[in-house]
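Below: one structure, written as structure tokens.
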Amino acid sequence: MLSWLDLETIALWAVAFLLGRSFILGEILPFAVAYTAAFATRNRKLAWGIPLFSIIGLFTMAEGQLLWSNVVAIIGTAALPWRITLTDRRRWVALPLMTAAVIIVAKTAALLLTSATYYMEVIVLFEAITAGILTFVIMVAREALEKQISPREFSFEDMTAWVILGVGELIGLSGLQLIGFSIAGIASRQAILLAALVCGIGGGAVVGVAVGVIPSVATLALPKALAIYALSGLLAGVFRDFGRVGVVLGFVTGNMIMSVFLMNSDQALLSIFETLLGVAVFMALPRDIEERMPLKSLGRLGETGREEFDGSEIKEWTAERMNNLARVFEEISMTFAESDPIKSDGAQPVYVGRIMEDIAEGLCTNCAIHSTCWEKEFYQTYRDFFNLMSLMELKGEVSYDDLPVEVRRRCLRARELGGVVKRVMQTAQVNDYWEEKIEESRDMLSQQLKGVSGLIKNLAQEIDFKTVVDTELQTKLTQECKDLGVPVRQVLPVVSDTDQVFIRITADACLDRETCDNILAPAISCLMETRYEVSYRKCPRGSWGTCECTLARAFNYKVTTGVSQLAKADVSGDSFNIVTLKDGRELIVLCDGMGRGRKAAQESKATVNLLEELFNIGFGQEVALKTINSILMLRQRESFVTVDLALIDLYSGELDSIKIGGGPSFLKRGPRVGIISSNNLPIGIVEEVDFPTEKRALIPGDILVLVTDGIIDPGKLVDGRGLWLRDYLAQTNENDPHRLSEMIINKALALARGEPRDDMSVVCARVEYNIR
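Using the numbering used here, read the sequence shown as starting at 1 and increasing by one per residue.
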């Protein structure tokens, strides 16, 4: 229960005073009666204070019948429930109905004593319904207060109830001034600035419109403040990323622009002064004010302390739709593959018949003996023309003298016949060439559609929307960071599928950009009782705004690398990438594109970049490589790439090696050297490719060496096998990856007598303990 005359009680009385001034449309007073019903009837210690201060507020705004009818309604609402025993469950229905009934009785009686009209009775009925609804709403707010729910943990209903109560208070502040400045105006500005800081553009604009409309609710006049507050809230939200200063600058800019256009000089000056006062109060608010705001009001994350957004239904639906789409592409591919060819192997009769028709239409149509040749003696004419075409194919050109005697005797246009047949046959040959091209394109399109179908199927297999937010840990870390004085705005612990906890932190930007490493990481490590490091950061360019970083459990191992390359031509066709993945694995990829030069470089570089992106978004090794293979298969020209891929788990030290084409890799442990090899075809040649994985357990000091064919091939001149590098690594004591990669390049170049036969690339990776 609320204690006697503490700050909370005084605050409740102050709210009662303001709601006693909260008239709607100049003659309706639902807030004060509803507030009295919700609070005064619950606590006997408030039973006299809330009605009293509501009536005091009422005396500052009303007089005559309006005043006394509302006084009676407030007193009746405060007194009547104490005469009736209600259970907590029935109270939620009974109090709103009782409030509406008291208003109807009190105000109808007042109307009967004066001049009652139908319109006035409708107003009374409207006021009673509104007060009943508000009673229920304020009871929700009262319950949140009694349960001492933190504003940050407000449900949507709690937040809505307190917002409506705040609207009533803002209306009650109308007309109150402090040294000539409107208290309502200053409070409105506070609401907009806070909304813009917490919710951004949408929150600032919506609250700006809302507080701009409030004066019109009370006075039936459309205020200029509506446009001023709306634009100011919008601009304040735009600059939210720059922190409080950015929010203030955006708000002040919008306020000054609209004030100058919509107000006279005195009003504009007064508005600017009120804005500056509101800004001063806003800047004086506690730094952790955002943490106290009801950010979870649009849906709480669950009662178990860990809410899992696995999206299982969405996942299944999406995967099903993608598989359906893949089947569509597969069906289209089969349609192209199974359709009748434009020209089959036995297409000679069709080809000859088309030439015959062209000759008959072009040369013989207007001939006097056309019917004799093409109707009575059709078969003889057909044989003559077939022989003529055969002769044309042999000699390339037929003159009048080359024609058979029978043809010269029978044909009236025999001297033109050779030229016409030549032109028609040339046209037919051109058509035949393009038909063959269309046939090839159709086959290629069928293969490409089949490849797209396979690509979509691979993507569907890897869909995973699973995200787990540990809300219990979030609350604990937020409170402990606050107790330690660690400057954070938001802490979000996210649990991965492997139960690894990633902690995403939003904090105010720092000057030196080292707060993440020097303050946040040690503090979280202390709270989590295990070492955490910054795995990702996004800092603003200046010292304004917010900084975002992700902390992950510190790795047990680290990998230092060295790379050396030598191109045979101007551009090396080999590409590599070394990146630490989000799941705590070191990805090392070395690709050799087909051939040399710029085209090979493009193929290998695209493969390397795609592999990094696919691994980073959570694709498995096999699916990522199948996806790359499907993409390369879609190319019209032949394009394939060898892939030497190594994944080192930085927590366990386990190596996953996948080799697709190319030469062997080497694992050096002191004087001992192991070989990792594979006989697979390069990626992008055949549709079905196996990707066997070889696992090795690494220990600190191990060095993994990845090379391309340009390094291995020169040694074949020496030992016939190209395994010279194994012996060279066993003999050297060099442990620095960069120097070792240079030594290998120099040795291979020496074996090639200074003339590399192919592009040369070496990647050396040394595993060490991660000690700071």
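Cβ atoms here follow ideal geometry from the backbone N, Cα and C, with glycine treated the same way.
| Item | Value |
| --- | --- |
| Got a sec? Which residues, its chain only, sit under 7 Å from Trp374 by beta carbon, not counting five neighbours each side? | Ala360, Cys364 and Thr381 |
| Put Met120 into one of helix, strand or coil per three-state DSSP. | helix |
| In terms of residues, what are the limits of the alpha helix (DSSP H) holding Glu603? | Gly597 to Asn616 |
| For Pro493, is the classification buried or exposed, using 16 other Cβ atoms within 10 angstroms of its Cβ as the cut-off for buried? | buried |
| Kindly indicate which three-state DSSP category Gly302 falls into: helix, strand or coil? | Per-residue confidence for Gly302 stands at a pLDDT of 38, beneath the threshold of 50, marking its modelled position as unreliable; the derived number appears in the next sentence. Of the three classes helix, strand and coil, the one that applies to Gly302 here is coil, per DSSP. |
| Confirm, please, whether the CB-CB distance from Ala230 to Gly208 is below 8 Å. | yes |
| Taking just the CA atoms, how far does Glu63 sit from Val33? | 17 Å |
| May I ask you to report which of helix, strand or coil DSSP gives Val641? | strand |
| Inspect the beta-carbon positions of Ile745 and Ser564 and report whether they are closer than 8 Å. | yes |
| Could you tell me the distance, in whole angstroms, from the CA atom of Gly76 to the CA atom of Gly200? | 44 Å |
| Is it a yes or a no for the segment 650 to 665 touching the segment 605 to 619, going by three-plus beta-carbon pairs under 8 Å? | no |
| How big is the Cα-Cα spacing for Glu768 and Thr253? | 55 Å |
| Between which two residues does the beta strand (DSSP E) holding Met674 run? | With the sequence shown as reference, residue 674 is identified as Gly, and Met is not the correct amino acid for it. Arg672 to Ile676 is the span of the beta strand (DSSP E), which, as asked, contains Gly674. |
| Is it true that the CB of Thr546 sits closer than 8 Å to the CB of Ala521? | no |
| Let me make sure I understand the geometry here. Which of Ala187, Asp574, Gln602 and Gly237 has the alpha-carbon closest to that of Val589? | Asp574 |
| Report the residue from Ser271, Leu269 and Leu193 whose alpha carbon sits nearest the alpha carbon of Phe239. | Leu193 |
| Can you tell me which of Ile712, Asp702 and Leu751 puts its alpha carbon nearest to the alpha carbon of Glu734? | Asp702 |
| So, do the segment 549 to 568 and the segment 675 to 684 have three or more beta carbon pairs nearer to each other than 8 Å? | no |
| With a cut-off of 8 Å on the beta carbons, I'd call Leu18 and Leu173 a contact; round off their distance for me. | 6 Å |
| Where DSSP assigns a beta bridge to Phe23, which residues make up the other side? | Per DSSP, none; premise fails for Phe23. |
| For Leu645 versus Ile658, is the C-beta spacing smaller than 8 Å? | yes |
| Measuring alpha carbon to alpha carbon, tell me which of Arg410, Val534, Glu416 and Val486 ends up nearest Glu397. | Glu416 |
| Which of the three DSSP states, helix, strand or coil, is assigned to Ala347? | Residue confidence is low: Ala347 scores 44 on pLDDT, short of 50, so the model does not pin down where it sits. Its coordinate-derived value is still stated next. Three-state result, Ala347: coil. |
| By the 10 Å Cβ neighbour count, where 16 or more other Cβ atoms means buried, how is Glu586 classified, buried or exposed? | buried |
| Thinking just about the alpha-carbon of each residue, which of Ala428, Arg189, Thr372 and Gly243 is nearest to the one in Leu226? | Arg189 |
| Checking 8 Å against the spacing of the C-beta atoms, do Val424 and Ile355 come in under that value? | yes |
| In terms of residues, what are the limits of the alpha helix (DSSP H) holding Phe31? | Pro30 to Tyr35 |
| In its own chain, which residues sit with a C-beta less than 6 Å from the C-beta of Phe110, not counting the 5 before and 5 after it? | The question names Phe, but residue 110 in the sequence shown is Ala. Within the same chain, Ala110 has close Cβ partners Gln65 and Ser69. |
| By Cβ distance below 7 Å, which residues in the same chain neighbour Val71 in space, the five residues on each side in sequence not counted? | Ile55 and Leu58 |
| Look at Cys549 and Ala523 and say whether their C-beta atoms are less than 8 Å apart. | no |
| Could you tell me whether the segment 752 to 764 touches the segment 689 to 696, using the rule of 3 or more Cβ pairs below 8 Å? | no |
| Buried or exposed: where does Asp158 fall if 16 or more other Cβ atoms within 10 Å of its Cβ makes it buried? | buried |
| How would you label Ala161, buried or exposed, when you count the other beta carbons within 10 angstroms and need 16 or more for buried? | buried |
| Mark Pro349 as exposed unless 16 or more other C-beta atoms lie within 10 angstroms of its C-beta, in which case mark it buried. | No answer about Pro349 holds up, because its pLDDT of 46 lies below 50 and its placement is not dependable. |
| Inspect the beta-carbon positions of Gln177 and Ile186 and report whether they are closer than 8 Å. | no |
| Between Thr471 and Ala268, what straight-line distance do the alpha-carbon atoms span, to the nearest angstrom? | 47 Å |
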